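Trainee: My structure is below; once you've seen it, I'll send some questions.
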Amino acid sequence: MTDIDSRIDEDLDRRDSAPGEERITEHEPVGGLPGYLLGFGLAILLTIASFLAAQTGLIYQPAVISALVVLAIAQMGVHLVFFLHLTTGSDNTNNVLALAFGVLIVALVVLGSIWIMGHLNQNMAPMSAHQAEMLP
Numbered sequence: 001m002t003d004i005d006s007r008i009d010e011d012l013d014r015r016d017s018a019p020g021e022e023r024i025t026e027h028e029p030v031g032g033l034p035g036y037l038l039g040f041g042l043a044i045l046l047t048i049a050s051f052l053a054a055q056t057g058l059i060y061q062p063a064v065i066s067a068l069v070v071l072a073i074a075q076m077g078v079h080l081v082f083f084l085h086l087t088t089g090s091d092n093t094n095n096v097l098a099l100a101f102g103v104l105i106v107a108l109v110v111l112g113s114i115w116i117m118g119h120l121n122q123n124m125a126p127m128s129a130h131q132a133e134m135l136p
């Protein structure tokens, strides 16, 4: 079997796959066991960095929250790339759209809940003297 025949067979195999099935080749940095181990190592390092940022004085105290947000976003990126195999390839368009839609729904629920709770106080009827006496 020649090199050209093996490439043709590989192309046929790619067309004969289920939607959403992803073939990871060995030359990809996130493919196989080495990719999982690299992702696991990065996740561990980011977790340790988060604990160090929160529990030590290495970072200027008002900037700790910003550092934790940056580390959390990096952690999400590591999980999306190394474990969920979400890349920018043309075959991952549906996955990226599904992720964006999920983020939109979660943001709407969280922000809507915060907005409702923030406006509850001004929309509540004032408490009468009798109700105030009943509180412990």
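All residue numbers for the sequence shown refer to full-length UniProt numbering, where the first residue is 1 and numbers rise by one. Where is the CB? At the ideal position from N, CA and C, for every residue including glycine. Everything numeric in this text was worked out from a predicted model, so none of it was measured.
1) Under 8 Å Cβ to Cβ from residue 39, same chain only, skipping five residues before and after it: list those, please.
2) Between residue 72 and residue 124, what straight-line distance do the alpha-carbon atoms span, to the nearest angstrom?
3) Looking only at its chain, what residues have a beta carbon closer than 8 Å to the beta carbon of residue 120, apart from the 5 residues adjacent to it on each side?
4) So what's residue 44 in DSSP terms, helix, strand or just coil?
5) With DSSP collapsed to three states, give me the class of residue 60.
6) Could you check how far apart the C-beta atoms of residue 94 and residue 86 are, in whole angstroms? I think they sit under 8 Å.
7) Between which residues of its own chain and residue 92 is the CB-CB distance below 7 Å, once the five residues before and five after are set aside?
8) Should residue 97 go down as buried or exposed, given a rule of 16 or more other Cβ atoms within 10 Å for buried?
9) Give the DSSP-derived three-state secondary structure of residue 34 in the structure shown.
10) Is the Cβ-Cβ distance between residue 68 and residue 54 less than 8 Å?
Mentor: Concretely, from the data shown:
1) 30, 78, 79, 81, 82 and 83
2) 37 Å
3) none
4) helix
5) coil
6) Incorrect: roughly 11 Å between the Cβ atoms, too far for contact.
7) 86
8) exposed
9) helix
10) yes
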